[in-house]
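As structure tokens, the structure follows; a few thoughts come after it.
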Amino acid sequence: MENRQHDLMRQQMIAEIVADAVFLTAQLGKAAFAPRVIEVMAKIPRHEFVPLELQAYAYLNSPLPVGYGKTISQPFIVALMTDLLELQPGDVTLEVGAGVGYQAAILSELVNQVYSIELIEELALDTRK
433 MENRQHDLMR QQMIAEIVAD AVFLTAQLGK AAFAPRVIEV MAKIPRHEFV
483 PLELQAYAYL NSPLPVGYGK TISQPFIVAL MTDLLELQPG DVTLEVGAGV
533 GYQAAILSEL VNQVYSIELI EELALDTRK
């Protein structure tokens, strides 16, 4: 799949996240996530964090299997978790359960330093690639 297609799919994913936040205003207590969270998610290539055979599905708003019985989190949930942290540029963050590194990639654009820990050695080794 070409980069242009991934870019378009990523834009659609972001539009869905934004729309879902508006739809869930009552439950979230606000109508939107922090703009910087959305901006970072709009530029991180999620397809690079999923197995090759699932890259065509990388921008669906759903979790995807990444091996070892684990999944990459649903994009809306990633946006929600990240927004709830209210991160500042000078912050240092510890992520436990790094998975494939997608959340760490997002966090690294928002804070000064990210430390990630992954219990499953094979997954951690795959993430380092």
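Here our numbering is used: the first residue of the sequence shown is 433, the next is one more, and so on.
A virtual CB, placed ideally from N, CA and C, is assigned to each residue, including glycine.
How many Å lie between Ser494 and Val524 at the Cα? 28 Å
Contact the stretch 453-467 vs the stretch 525-535: 3+ CB pairs below 8 Å: no
My understanding is that Leu539 touches Glu527, with C-beta atoms under 8 Å, so please give their C-beta distance in whole angstroms. 6 Å
Under 8 Å: do the stretch 514-522 and the stretch 481-497 share three or more Cβ pairs, one atom per stretch? no
Using 8 Å for Cβ pairs, my map puts Leu542 next to Val472. What's the rounded Cβ distance? 6 Å
Restricting to runs no shorter than 3 residues, where is the beta strand (DSSP E) found entirely within the stretch 478-549? Secondary structure in the stretch 478-549: the beta strand (DSSP E) runs of 3 residues or longer, each lying completely within the stretch, are 496-499, 502-504, 524-528, 545-549 in chain order.
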